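Have a look at the structure below, then the notes.
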Amino acid sequence: MNNLADKRAYWFNMIKEQETSEISQAAFCKEKSLKIHQFHYYLKLLKNESISQEEIKNKVVPIQIKSTQNNSIKEFNEIRVLLQNGIQCVLPSDMDAEQIGQVVKALLSC
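Just remember that the working numbering sits 1240 ahead of the position in the sequence shown, which is counted from 1.
Have a look at this one:
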């Protein structure tokens, strides 16, 4: 496995496989020649990431920008989104909240 994404995908699959099996974590690790401490490490890591992703998804809320009386302020023509996972996205300002939510959810799944 060359990079972190490959390792996470591998361990995600191993954890899912163990959860659907009818054997204990220790027996599964022995059967698959895995180190139990690594299994527990990635189990905790991936569950924490999953919880964090859910928290982020639940915090995505539409906002309203109040109009201003100051004519010197130009209208916004784009929306810039910076996510906690480091992904940045520039969206047209005429997108509706549902579309923006769908884009953000898709980006959070990366």
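Positions of the beta carbon are idealized from the N, C-alpha and C atoms, including for glycine. Bear in mind that the values here come from a model prediction, so they are computed numbers and not experimental data.
Ile1327 versus Lys1247 - alpha carbon distance:
Your numbering for residue 1327 matches position 87 in the sequence shown. Your numbering for residue 1247 matches position 7 in the sequence shown. Going from the Cα of Ile1327 to the Cα of Lys1247 covers about 20 Å.
Quick one: what does DSSP say Glu1262 is sitting in, helix, strand or coil?
As a working mapping, residue 1262 is identified with position 22 in the sequence shown. Note: Glu1262 maps to coil in three-state DSSP.
Start and end residues, beta strand (DSSP E) containing Leu1331
What you label residue 1331 is simply residue 91 of the sequence shown in a count that begins at 1. Where Leu1331 is concerned, the enclosing beta strand (DSSP E) stretches over 1328-1332.
How would you label Ser1258, buried or exposed, when you count the other beta carbons within 10 angstroms and need 16 or more for buried?
Residue 1258 sits at position 18 when you count from the first residue of the sequence shown. According to the sequence as given, residue 1258 is Gln; it is not Ser. Label assigned to Gln1258: buried.
Helix, strand or coil, according to DSSP, for Leu1285 in the structure here?
As a position in the sequence shown, residue 1285 is number 45, starting the count at 1. Of the three classes helix, strand and coil, the one that applies to Leu1285 here is helix, per DSSP.
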